[in-house]
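Number of protein chains: 2
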Amino acid sequence: MAQTYTIAILGGTGQEGGGLALRWAKAGHRVILGSRDGAKAAAAAMEMKATLGAGDVSGTSNKDAATAADIVVLTVPFAAQRSTVEEVRDALNGKILIDATVPLVPPKVARVQLPSDGSAVAAIQKTLGESVRVVSAFQNVSAHHLKDLSHEVDCDVLVCGDDPAARETVVGLAADIGLRGVHAGPIVNSAAAEALTSILIAMNMRYKVPGTGIRITGLPAEQPR
Amino acid sequence: MAQTYTIAILGGTGQEGGGLALRWAKAGHRVILGSRDGAKAAAAAMEMKATLGAGDVSGTSNKDAATAADIVVLTVPFAAQRSTVEEVRDALNGKILIDATVPLVPPKVARVQLPSDGSAVAAIQKTLGESVRVVSAFQNVSAHHLKDLSHEVDCDVLVCGDDPAARETVVGLAADIGLRGVHAGPIVNSAAAEALTSILIAMNMRYKVPGTGIRITGLPAEQPR
């Protein structure tokens, strides 16, 4: 591992956030689960430590988690995305915010229903301005597979962001949990990754499988980083 | 091959259309290249027959090609999509229209710039109404690889459409040229495939490769069709 970070996972008691937290903690990062309910996050952290048998995992409020972290990861439902960002905004200055938000609109989650601007994550970058480097990633990685530590996750990570160095950090964080991150262009390109998730859900339903994913073909075998 | 079709490829003198035409002709389908310039299409067809050494390929105007075909494929640039559809509209009734349009906005083709409704192809389905079954497909398949008959194309085809039977026909047409088509939901889901193309272009530039593509992971080994 290139570097050890303190990673706050807002929405860390959910499926996707919990899966990422589990794997980053296993890889040796310091993980702080954030939740609207700090006690719930603390309990989830205890459970995660028991599962792992080791690892530096704690749980607290979203705000405290974001404040203590080097890197903040957003894995809350779309409906809570903006309010969560507003809540922790003061703690984000100068940090990388990895936003895994998918703009699913229940109940039709297998149907692409993008926001009017195209990308839910690009909208957050616009709101936060240049003092926070927002990177879009992990939208297509199945929580089902992330949580099962007995196998590797067969999925690439589309990494979009306006700051190439921040993207590169996220590519490295993906590699730390065995995932190949791929530079996928500016933050507006996140629209593709977000929309793709509804297609993956449609495929899960059609083909009766728990978690489809994607692989990028045609890249150099050893990816230049 | 399940069935032999007469396939009109509007924009068949272009890179993507030409690549699909070449492979369908090789597979034994009757292919008619369409172009605004019928003479240019006829010349391209002669050249294609010479390349193949066999095959039923002809070329004519877009309108005549669409009229003679069982299935019409649209591979014109985004700027010509709507006018081409309007031109051949009367010939489309009751047919499947496979629309491979990607809403690229030059010069920033590596940047996702989706139409306000999200999907360029869904907008065509809306225009044409229910008498034409529009299926979105082939947006992510590299023309570079399609035109090189010496190797298989390492890319899946996201197939979106409101009519499952029409989608299934397109899954079959993809299989005829060695590509795996995957049911990806209703026509609005085409937004994801369209946006993804800009990401693939961004990757081609970043990693200096001629044609990235995608594979869907986690599907059953033998896909139910």
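Those protein sequences? They're chains A and B, same order as listed. Just so we're on the same page, my numbering is the position in the first sequence counted from 1, plus 186. Just so we're on the same page, my numbering is the position in the second sequence counted from 1, plus 186. Cβ atoms here follow ideal geometry from the backbone N, Cα and C, with glycine treated the same way. Owing to the predicted nature of the structure, the values given are computational and were not obtained by experimental measurement.
Under 7 Å from the C-beta of residue i: neighbouring residues of chain A
i                      : result
residue 247 of chain B : Simply none; closest approach about 35 Å.
residue 382 of chain B : 378 and 382
Where residue i sits in the DSSP three-state scheme
i                      : result
residue 394 of chain A : coil
residue 186 of chain B : One cannot answer for residue 186 of chain B here, as it falls past the ends of chain B, which runs 187 to 411.
residue 356 of chain A : helix
residue 285 of chain B : strand
residue 411 of chain B : Residue placement at residue 411 of chain B cannot be trusted, given a pLDDT of 45 that sits under 50; what the coordinates show is reported in the next sentence. Coil, per DSSP.
residue 337 of chain B : coil
residue 194 of chain B : strand
residue 261 of chain A : coil
residue 200 of chain A : coil
residue 243 of chain A : strand
residue 368 of chain B : strand
residue 224 of chain A : helix
residue 345 of chain B : strand
residue 274 of chain B : helix
Spatially closest choice to residue i from the options, by CA coordinates
i                      : options                       : result
residue 263 of chain A : A:292, A:405, A:278 and A:243 : A:292
residue 324 of chain A : A:342, A:330 and A:308        : A:342
residue 163 of chain B : B:228, B:396 and B:311        : One cannot answer for residue 163 of chain B here, as it falls past the ends of chain B, which runs 187 to 411.
residue 444 of chain B : B:241, B:277, B:268 and B:257 : For chain B, the structure presents residues 187 to 411; residue 444 of chain B sits outside this window and is missing.
residue 370 of chain B : B:317, B:333, B:405 and B:287 : B:405
residue 222 of chain A : A:395, A:197 and A:229        : A:197
residue 236 of chain A : A:254, A:255 and A:211        : A:211
residue 239 of chain A : A:209, A:266 and A:254        : A:209
residue 363 of chain A : A:199, A:241, A:214 and A:195 : A:214
residue 308 of chain B : B:326, B:332, B:295 and B:345 : B:345
residue 255 of chain A : A:241, A:234, A:277 and A:261 : A:277
Buried/exposed call for residue i, threshold 16 Cβ in 10 Å
i                      : result
residue 205 of chain A : buried
residue 410 of chain B : Annotation note: pLDDT 47 at residue 410 of chain B (below 50); position unreliable, coordinate value reported separately. It counts as exposed.
residue 337 of chain B : exposed
residue 317 of chain A : exposed
residue 384 of chain A : buried
residue 272 of chain B : exposed
residue 249 of chain A : buried
residue 322 of chain B : buried
Closer than 8 Å to chain C by CB, residue i
i                      : result
residue 375 of chain A : The structure shown has no chain C; the protein chains it does contain are A and B.
Within chain B, partners of residue i - CB distance below 7 Å
i                      : result
residue 406 of chain A : 393 and 395
residue 385 of chain A : 344, 370, 371, 375 and 378
Neighbouring residues, chain A, relative to residue i (Cβ below 9 Å)
i                      : result
residue 372 of chain B : 296, 297, 298 and 388
Proximal chain A residues relative to residue i, where beta-carbon distance stays under 8 Å
i                      : result
residue 340 of chain B : 403 and 404
- Message: What are the residues in the stretch 345-356 of chain B lying within 7 Å of chain A by C-beta distance?
- Response: For the stretch 345-356 of chain B, the beta-carbon criterion of a distance under 7 Å to any beta-carbon of chain A is satisfied by none of its residues.
Interface residues of the stretch 391-404 of chain A facing chain B [CB-CB below 7 Å]: 392, 393, 395, 397, 398, 399, 400, 401, 402, 403 and 404
- Quick one, which residues of the stretch 277-298 of chain B are near chain A if we go by CB-CB under 7 Å, in chain order? Listed by position along the chain: 296, 297 and 298.
Chain B contacts from the stretch 296-323 of chain A (Cβ-Cβ distance under 7 Å): 296, 297, 298, 300 and 304
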